[in-house]
Amino acid sequence: MDFYFPRRFIIVIMTSLGMIVIHAMRVNIAVTAITFLDKKPHTKVGTAEAVFNLPSVNWSSQMVGYLHSIFYTGYLFTQIPGGILAQMFPAHRIFGGCILVSCTLNLLLPICIEQVGYGMAAAVRALQGLSEGLLFPSSYAIMRHWVTPEEKSRMGSVVLTGVYSGAVIGLPISGFITHYLGWNYVYYFHGGIGIFWFIIWLFLGFEKPSHHRFISQDEIKHIEASQGQTAIVHEDDQVPWKQIFLSLPVNALNLCNFARSFIFFLLLTNEPEYLNVFGFTIAENGLYSAMPHLFMAIFSGLSGPMADYLINGGMVTPTQVRKLFTGIGFGMEGTCMLLLVFIRDGTLALIYLTIGVGFSGFSISGWQINHLDLSPRYASVLVGITTAVGTVAGILNPTLVGQMTKDQTVEQWQNVFLLSSCVLFFCTAFYSIFGSAKQQPWAEPVPKVQVQLKGNLLDGQQLYLPVKSQMDHETEKQKDQ
């Protein structure tokens, strides 16, 4: 029998790699700013070690913070439109296109920073944000077509682990490239890798199983049979906006995304500055900044199979699993953030940061997969909404943290972590009360039957009436409460 590697695994792996590319690139400014803001000579290692005056700019750290906020402002504006576009057009093309655009723009950033000026750098960052805002909604739309219910947690965790693996890879690589070659090469490297990924995606990415040229019929039947009604395409597929915005389980996800984004953006854009307070070198900074994300990627990868094992084994309900994993992830992270309020030693701070952020990886198989539970069909719309809420944290975070840490002292950073722990604990409590993994009543369009009307006035006219099938009633009975 010939070896056959399931094509859905290839799609999931490639989607995860796309996430890695973007999120590795997203730390570029956070790492390189430490160097291009510093006008002192730096040691740059090439064929021989020597001291060089690396290119620097006359910017303040607050101006760099504004660059982050500008990016996330653009990122916010395309979240919900991204969810709608992913419903209307092939999601794999949107996913690949937004990565190509952002990576191409990344190649222009060194010239903008060093030669053109702050205004152009800000414009490029805004365009990158607009482009990358399509990333999450389109990735969930891809999973909607390719991921089976019994593999939901583990396949979803593979895709989303790419987000945190990106920081694991991007932080040390950016630090070492800055140290050995110069900060501008960081942007060329990551932009080039992203364009290379896109070329491969052109050959391996497909919208849905039935469109794949090299997939087996058995795999197509397996995926479509397991997805049931979700695999059916409805011509009149209206998004139930009102029900979505009024849904408590969706609003619980909104708060979780805000909390996750608040901490993630804090680490992604400010962690090098925090570690710099303890006197780590630029190379050490890049390496140590990646440690929390490394453990988070490991824990999130482990959480998927564990969650699927508990759900498929019937040991606990899906709702209980989502709440349990969210509680473990956010609870441990909040506790460690609280402990950082009392820490003044760099090594100890790094240990607590690594433990807390590492355990937060469990929440990937909690609230973050939960979008696919509530409504697989509208998952891209849901994630667009919740990511838009989370992006507000990305906009507020750099400016807020910049104001709270003007003097870059340990005491000022302790206040930042106290605020972070409060955000995590509040959002965890709300999700524990109102979160749910039950497919919502609005999750699928109501099927219609055609009725022929009889009578003097209505003879021959047709009326379409919404009905529930027997399968719908049986499905509802089986759904987790």
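Residue numbering for the sequence shown follows this note's numbering, beginning at 103 and increasing consecutively. Even for Gly, the Cβ is constructed at its ideal location relative to N, Cα and C. The model shown is predicted, which means the values in this text are computed figures rather than measured ones.
Proximity below 8 Å, CB of residue i to CB of residue j
i: S482; j: Q189; result: yes
i: N130; j: S276; result: yes
i: V435; j: S462; result: A small fix is needed here, since residue 435 is Glu in this sequence, not Val. Result yes, Cβ atoms of E435 and S462 sit closer than 8 Å.
i: V123; j: W299; result: yes
i: S241; j: V261; result: yes
i: R362; j: G235; result: no
i: C590; j: M127; result: Lying before the first or after the last residue shown, residue 590 is absent from the chain, which here runs from 103 to 583.
i: F238; j: V485; result: yes
i: F464; j: I413; result: no
i: T449; j: Q329; result: no
i: F367; j: A495; result: yes
i: G460; j: W303; result: no
i: M116; j: L306; result: yes
i: S357; j: Y533; result: The identity of residue 357 in the sequence shown is Leu, whereas the question assumes Ser. Contact flag set, yes.
i: F173; j: G231; result: yes
i: P500; j: G167; result: yes
i: L455; j: L440; result: no
i: G504; j: S163; result: yes
i: I182; j: I457; result: no
For residue i, three-class secondary structure by DSSP
i: A269; result: helix
i: D447; result: coil
i: R424; result: helix
i: G492; result: helix
i: R246; result: helix
i: H314; result: coil
i: W285; result: coil
i: V418; result: coil
i: P251; result: helix
i: S162; result: coil
i: Y106; result: coil
i: D320; result: helix
i: W515; result: helix
i: F191; result: coil
i: I275; result: helix
i: R362; result: helix
i: W303; result: helix
i: G235; result: coil
i: G176; result: helix
i: A539; result: coil
Euclidean distance between Cα positions of residue i and residue j
i: R110; j: T437; result: 38 Å
i: I136; j: E375; result: 8 Å
i: T511; j: R446; result: 10 Å
i: L169; j: G198; result: 24 Å
i: R195; j: L202; result: 10 Å
i: N372; j: H313; result: 43 Å
i: E253; j: D320; result: 17 Å
i: R479; j: G185; result: 11 Å
i: E309; j: L377; result: 42 Å
i: Q340; j: A545; result: 11 Å
i: L178; j: L370; result: 17 Å
i: A152; j: G258; result: Residue confidence is low: A152 scores 40 on pLDDT, short of 50, so the model does not pin down where it sits. No coordinate-derived value is stated.
i: A539; j: Q217; result: 52 Å
i: L209; j: F191; result: 28 Å
i: I213; j: Y289; result: 10 Å
i: T175; j: F364; result: 14 Å
i: G416; j: L476; result: 19 Å
i: T507; j: G537; result: 35 Å
i: F382; j: S233; result: 34 Å
i: S391; j: F380; result: 12 Å
i: V518; j: Q541; result: 37 Å
i: L187; j: T421; result: 29 Å
i: F107; j: K323; result: 16 Å
Outcome for residue i when other beta-carbon atoms lying within 10 angstroms are tallied against a minimum of 16
i: Y411; result: exposed
i: P342; result: buried
i: T428; result: buried
i: T149; result: At T149, the pLDDT of 37 sits below 50, so the modelled position is not reliable and the matter cannot be decided from this model.
i: R424; result: buried
i: I535; result: exposed
i: G294; result: exposed
i: R227; result: buried
i: Y266; result: buried
i: A132; result: buried
i: R315; result: exposed
i: P311; result: buried
i: I497; result: buried
i: S318; result: exposed
i: F360; result: buried
i: L207; result: buried
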